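Enquirer: In terms of UniProt numbering, the sequence shown is residues 1 to 287.
The beta carbon of each residue, even a glycine, is placed where N, CA and C say it ideally should be.
In this text, all values refer to a predicted model and were calculated from it rather than measured experimentally.
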Amino acid sequence: MEKKFDKKFTWVIKDFSSLKSVNILSDIFVVRGCKWQLNAYPKGNKGHNFLSLFLEVAGYESLPSGWRRHVRFRLIVVNQRSETLSRQNEGQNWFEEKPNGWGFASMLSLDEINAKDSGFLVNGELKIVAEIELLEVIGKVDVNGFHLLSSQVESVSRMFEKHPETASEVHLKNPNLRTGYMSLLLSLIDTLCQSPHKLPKDDLDEAYYALESLTDAGFKLDWLEKKISHVLERKEKEKDGEIRKKAIERELKDLKEKCSDLEAQLEKEKSEALAAKTTILFDDVIQ
1 MEKKFDKKFT WVIKDFSSLK SVNILSDIFV VRGCKWQLNA YPKGNKGHNF
51 LSLFLEVAGY ESLPSGWRRH VRFRLIVVNQ RSETLSRQNE GQNWFEEKPN
101 GWGFASMLSL DEINAKDSGF LVNGELKIVA EIELLEVIGK VDVNGFHLLS
151 SQVESVSRMF EKHPETASEV HLKNPNLRTG YMSLLLSLID TLCQSPHKLP
201 KDDLDEAYYA LESLTDAGFK LDWLEKKISH VLERKEKEKD GEIRKKAIER
251 ELKDLKEKCS DLEAQLEKEK SEALAAKTTI LFDDVIQ
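Next comes the structure, spelled out in structure tokens:
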């Protein structure tokens with residue numbers, strides 16, 4: 001069974017036959033924190049009468065030295081009348097500074113694209129689909145201006161998805177400082193991801209200090225402050241509950257001991273009462 005791709009991106013090129021540019025770029029899209037775009041040559045690359053289509057790393061100039069991306073990808077020129085007639089090519093390559101893009105110079109003949117009723121051009125629109133599976137990332141990944149390890153990308157991306165304003169007022173220019181603060185934020189979140197029972201009070205105190213440091217750097221973390229307060233509240237409730245539990249356990253122990261004494265006394269009273277009810281025999285009388 002074929003392994004699914006991580007991401008599918010659809011690009012609709014309008015007025016394809018009227019384009020004058022040598023090449024055109026799609027909007028940027030993101031796959032697991034890595035930015036990508038498609039580069040199409042509507043008149044063919046280097047004079048060839050074919051649509052040329054490439055997948056490229058977007059904004060690679062800003063990536064740290066030594067970055068690499070190992071990717072399996074599929075590029076599809078969609079036949080809008082019958083998907084079974086769509087044309088596709090698949091590749092698996094390492095993307096790096098040179099080359100930062102891979103694709104196919106002869107994706108589909110321009111004559112075939114422009115042929116009447118071919119199904120590739122409908123109302124002047126050409127539809128292209130890119131499917132991408134990110135196999136391996138070497139070097140750091142840029143997420144909202146923060147250079148992150150690949151292991152951090154998913155967590156940070158999810159955080160920005162939930163709280164897009166988090167770093168909107170962070171104006172640190174030094175990339176190492178930005179990365180350091182983001183690592184501190186991830187460590188703080190990781191600290192809270194455990195049972196309050198296992199979280200020492202000192203760790204919560206340090207969490208507040210870390211939060212203050214991040215806030216001073218420009219991070220907007222009202223949502224995280226509420227979480228810390230909530231965890232502290234649960235911690236206090238746990239402490240109070242533990243005190244009440246021990247008090248009840250002591251009281252219950254005393255009650256059980258008292259109950260045991262009462263049960264013994266009751267058995268004694270039953271025995272004496274039973275003896276008092278016993279019929280006096282002749283031998284007992286003449287003793």
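State the Cα-Cα distance for the pair residue 246 and residue 182, rounded to the nearest angstrom.
Expert: Position 246 of the sequence shown, counting from 1, holds the residue named residue 246. Position 182 of the sequence shown, counting from 1, holds the residue named residue 182. Whole-angstrom Cα-Cα distance: 42 Å.
Enquirer: Residue 113 to residue 44, Cα distance in whole Å?
Expert: Position 113 of the sequence shown holds residue 113. Position 44 of the sequence shown holds residue 44. Cα to Cα, the separation comes out at about 12 Å.
Enquirer: Suppose you measure from the CA of residue 75 to the CA of residue 121; what does that come to, to the nearest Å?
Expert: Counted from its first residue, the sequence shown places residue 75 at position 75. Counted from its first residue, the sequence shown places residue 121 at position 121. So the alpha carbons of these two residues sit roughly 17 Å apart.
Enquirer: Suppose you measure from the CA of residue 48 to the CA of residue 106; what does that come to, to the nearest Å?
Expert: Here residue 48 refers to the residue found at position 48 of the sequence shown. Here residue 106 refers to the residue found at position 106 of the sequence shown. Near 8 Å, if we compare the C-alpha coordinates of residue 106 and residue 48.
Enquirer: Could you give the distance in angstroms between the alpha-carbon of residue 32 and the alpha-carbon of residue 248?
Expert: In the sequence shown, counting from the first residue as 1, residue 32 sits at position 32. In the sequence shown, counting from the first residue as 1, residue 248 sits at position 248. Each residue's Cα considered, the two are about 52 Å apart.
Enquirer: Residue 58 and residue 24 - do their beta-carbons sit closer together than 8 Å?
Expert: Residue 24 sits at position 24 when you count from the first residue of the sequence shown. Residue 58 sits at position 58 when you count from the first residue of the sequence shown. No, the Cβ-Cβ distance between residue 24 and residue 58 is not below 8 Å.
Enquirer: What does the Cβ neighbour count give for residue 223, buried or exposed, with the cut at 16 atoms within 10 Å?
Expert: Numbered from its first residue, the sequence shown carries residue 223 at position 223. Flag for residue 223 reads exposed.
Enquirer: Mind listing, in chain order, the continuous beta strand (DSSP E) runs of no fewer than 3 residues lying wholly within the region 60-95?
Expert: Listed in chain order, they are 68-77, 87-95.
Enquirer: Can you give the beta carbon distance from residue 207 to residue 188, rounded, assuming they're within the 8 Å contact cut?
Expert: On the sequence shown, residue 207 is found 207 positions in, with the first residue counted as 1. On the sequence shown, residue 188 is found 188 positions in, with the first residue counted as 1. With a Cβ gap of about 6 Å, residue 207 and residue 188 count as contacting.
Enquirer: Just checking, does the region 63-80 make contact with the region 90-108 on the three C-beta pairs under 8 Å criterion?
Expert: The region 63-80, when compared against the region 90-108, does touch it at the 8 Å Cβ threshold.
Enquirer: So, with DSSP's three-state summary, where would you put residue 144?
Expert: Translated into positions along the sequence shown, residue 144 becomes position 144. It is coil, neither helix nor strand.
Enquirer: Are the Cβ atoms of residue 185 and residue 232 separated by less than 8 Å?
Expert: Within the sequence shown, the letter at position 185 stands for residue 185. Within the sequence shown, the letter at position 232 stands for residue 232. Not in contact: residue 185 and residue 232 (Cβ atoms no closer than 8 Å).
Enquirer: Inspect the beta-carbon positions of residue 169 and residue 218 and report whether they are closer than 8 Å.
Expert: The residue labelled residue 169 in the question sits at position 169 within the sequence shown. The residue labelled residue 218 in the question sits at position 218 within the sequence shown. Yes. Within cutoff.
Enquirer: Using the DSSP secondary-structure output, state which residues sit across from residue 34 in a beta bridge.
Expert: Translated into positions along the sequence shown, residue 34 becomes position 34. Answer is 31.
Enquirer: Check this for me: beta carbons of residue 38 and residue 130, under 8 Å apart or not?
Expert: Residue mapping note: residue 38 aligns to position 38 of the sequence shown, counting from 1. Residue mapping note: residue 130 aligns to position 130 of the sequence shown, counting from 1. Yes.
Enquirer: Enumerate, from N- to C-terminal direction, the unbroken alpha helix (DSSP H) stretches of 4 or more residues contained entirely within the region 173-248.
Expert: Correct list: 175-192, 201-216.
Enquirer: When you compare each of 117, 51, 66 to residue 87 by their alpha carbons, which one comes out closest?
Expert: Indexing the sequence shown from 1 puts residue 87 at position 87. That would be 51, whose Cα lies nearest to the Cα of residue 87.
Enquirer: Taking only runs of the beta strand (DSSP E) that begin and end inside the region 115-169, which ones reach a length of at least 3 residues, in chain order?
Expert: Qualifying beta strand (DSSP E) stretches, in chain order: 125-138, 141-143, 146-148.
Enquirer: For residue 175, which residues in the same chain have their Cβ closer than 6 Å to its Cβ, ignoring the five residues on either side in sequence?
Expert: By one-based count along the sequence shown, residue 175 stands at place 175. 147, listed in sequence order.
Enquirer: Give me whichever residues DSSP pairs with residue 24 in a beta bridge.
Expert: The count along the sequence shown starts at 1 and reaches residue 24 at position 24. Residue 24 pairs with 40.
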